[in-house]
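Written below as structure tokens is the structure these notes are about.
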Amino acid sequence: MTDKLQLAVNAAMNEAAIARARMGLLNIGMGLDAKRASAWCEYGFKENIEFSDLYNLYRRGGIAHGAVNKLVQNCWKTNPEIIEGDEQDDSRKETPWERSNKSIFNNRFWRTFSEADTRRLVGRYAGILLHIGDSRGWDQPAVTGKALKKITVAWAGALKVVEWNTEINSEDYGSPKMWQYEERLANGSNRRVSVHPDRVFILGDYSTDAIGFLEPAYNAFVSLEKVEGGSGESFLKNAARQLNVNFDAAIDFNNLASLYGVSVDALQERFNEAAAEVNRGNDVLLTTQGANVTPLVTAVADPEPTYNVNLQTAGSALDIPTKILVGMQTGERASTEDQRYFNARCQSRRGDLSLEIEDLCDKLIKLGVVKDISMKTVMWDDLNEQTASEKLESAVKMSQINSTSISTGEAVFTVEEIRVAAGYEPDGAEPLGEVDDGDETETGDNPEEQK
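Read left to right, the sequence shown gives residues 46 to 496 (the working numbering).
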């Protein structure tokens with residue numbers, strides 16, 4: 046009996062070793078541990094990450110979901126504006142070109158674009174389907190000069206390239222010749238539709254070697270899930286109060302089974318029923334004879350240190366401070382500095398979004414939806430702009446500096462500069478003049494300005 050058991054154990058260990066070796070061969074080139082080729086297999090990290098993995102991570106992972114939404118919501122806190130000309134132009138009057146495009150670049154358009162930005166962060170790229178009012182099929186080239194009815198966002202998993210342009214002499218060589226969109230119908234079924242590239246705008250990178258936003262942090266998210274699930278399971282095990290019954294060696298199980306009127310094989314079910322009654326009731330008596338009953342309780346390790354290590358790894362991979370990522374405010378100055386850094390990071394990302402917005406605008410110009418112009422610029426507001434209270438505080442300090450420097454006979458700041466610093470438009474007041482003998486200050490003829 047012992048020899049057979051030993052053989053079974055050896056066979057099981059041999060099969061496990063072979064399985065680990067096979068997984069190690071699959072993980073060659075991905076893990077950084079040169080000594081242990083199967084390290085990633087042991088850690089539970091996947092070698093290849095598909096769209097479904099990233100989508101499930103975003104849908105069920107709280108930290109990943111929050112990271113994507115926080116980045117998108119901060120970048121799209123306000124809508125951009127496409128203006129005619131250069132951003133250095135002093136004149137900001139609305140041009141006829143800007144006025145004619147208000148019906149296209151409206152709030153609904155930017156809301157849909159931000160949704161595409163969210164899906165791009167999840168799945169490496171996302172598609173924007175252009176509904177052109179030309180009464181032609183999706184697989185047909187778009188007719189130029191027609192109106193844009195609406196735009197629809199597609200996940201990367203629902204939009205695939207089915208045909209590439211292989212004509213070497215063509216200027217479109219290597220670009221998609223036909224897309225396939227898997228549409229989800231209201232009844233739950235799917236329908237595949239061929240879509241011409243004229244009607245598709247891709248946000249992100251659909252190349253095979255593209256790196257998604259969530260990919261560098263994927264391993265850290267796997268470890269976070271283990272810590273969360275493992276610690277939760279440990280607490281559940283202790284709360285379930287599983288009982289251990291240790292019988293004395295002199296106990297005869299045949300006599301014990303006869304007391305319950307069952308066989309020895311069915312005795313375990315009687316014990317389970319008794320344990321269930323104990324765990325279910327508040328005042329329940331468990332009678333034993335020659336047995337000791339103890340709960341199976343294990344010491345639960347504090348998950349916070351391990352959790353914080355993986356959280357910091359995820360924050361570093363996503364370039365988002367952990368205090369912003371989880372909403373933890375441990376100190377006013379620390380949280381303020383993290384918020385400023387995050388705003389600067391989003392402001393920098395707006396520059397990349399501006400290029401993609403310009404590309405979409407160029408595509409609409411090519412389709413004749415938008416009129417062509419010599420120069421256009423995407424404008425955003427400043428995320429690190431001072432708040433209303435901070436602006437007033439700056440104006441107060443400027444006024445105090447003027448009061449201090451009044452003895453020198455010259456004011457440092459004008460009334461217009463102080464009003465602009467406070468967040469108000471200049472009212473055309475004359476600048477502060479020189480002080481005459483320290484008694485009177487020339488501020489113009491308006492008595493309100495003198496006040």
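A virtual CB, placed ideally from N, CA and C, is assigned to each residue, including glycine.
On a predicted model such as this, the values are computed, not experimentally measured, just so you know.
Annotation: the continuous alpha helix (DSSP H) that includes K436 extends over 433-450.
Excluding residues up to 5 positions away in sequence, V290, N291, F292, D293, I296 lie with their Cβ nearer than 8 Å to the Cβ of A336 in the same chain. Of all C-beta pairs linking the segment 104-122 to the segment 180-190, fewer than three are shorter than 8 Å, placing the two stretches out of contact.
The beta carbon of F316 sits closer than 7 Å to those of V290, all from its chain and outside the five residues before and after it, given in chain order. Secondary structure within the segment 165-245: not one fully enclosed alpha helix (DSSP H) run of 4 or more consecutive residues is present. If you draw a straight line from the Cα of T343 to the Cα of L281, it is about 11 Å long. Collapsing the DSSP output to three states places I247 in a strand. Per the coordinates, the alpha-carbon of S239 lies some 20 Å from the alpha-carbon of G233. For the set A201, T197, I213, W224, the Cα lying nearest the Cα of V207 is the one of W224.
Annotation for F292: the continuous beta strand (DSSP E) segment containing it runs 288-292.
It is roughly 21 Å from the alpha-carbon of L99 to the alpha-carbon of P366. The continuous beta strand (DSSP E) containing V423 extends over residues 421-424.
Pairing S268 with P348 gives a Cβ-Cβ distance that is not under 7 Å. E143: member of the alpha helix (DSSP H) spanning 141-145, first to last residue. DSSP places V460 in the helix class (H, G or I) of the three-state scheme.
The beta carbons of E403 and L248 sit about 13 Å from each other, so the pair does not count as a contact at 8 Å. DSSP places E430 in no beta strand (DSSP E); its state is neither H nor E. The three-state reading of DSSP puts E126 in strand, counting E and B together. S97 is the residue among S97, S419, I463, R395 whose C-alpha sits nearest the C-alpha of G168. Residue pairing by DSSP puts T339 in a beta bridge opposite N289.
Contact fails between the segment 441-458 and the segment 166-186, because fewer than three Cβ pairs, one in each stretch, are under 8 Å apart.
Take the alpha-carbon of I196 and the one of N101: they are about 25 Å apart.
Residue environment: S83 is assigned as buried (16 or more neighbouring CB atoms within 10 Å of its CB, all protein chains considered). The DSSP-derived three-state label of R156 is helix. Sequence-distant Cβ neighbours of R244 in its own chain, meaning closer than 7 Å and more than five residues away, are L174, L175, I177, W183, A187.
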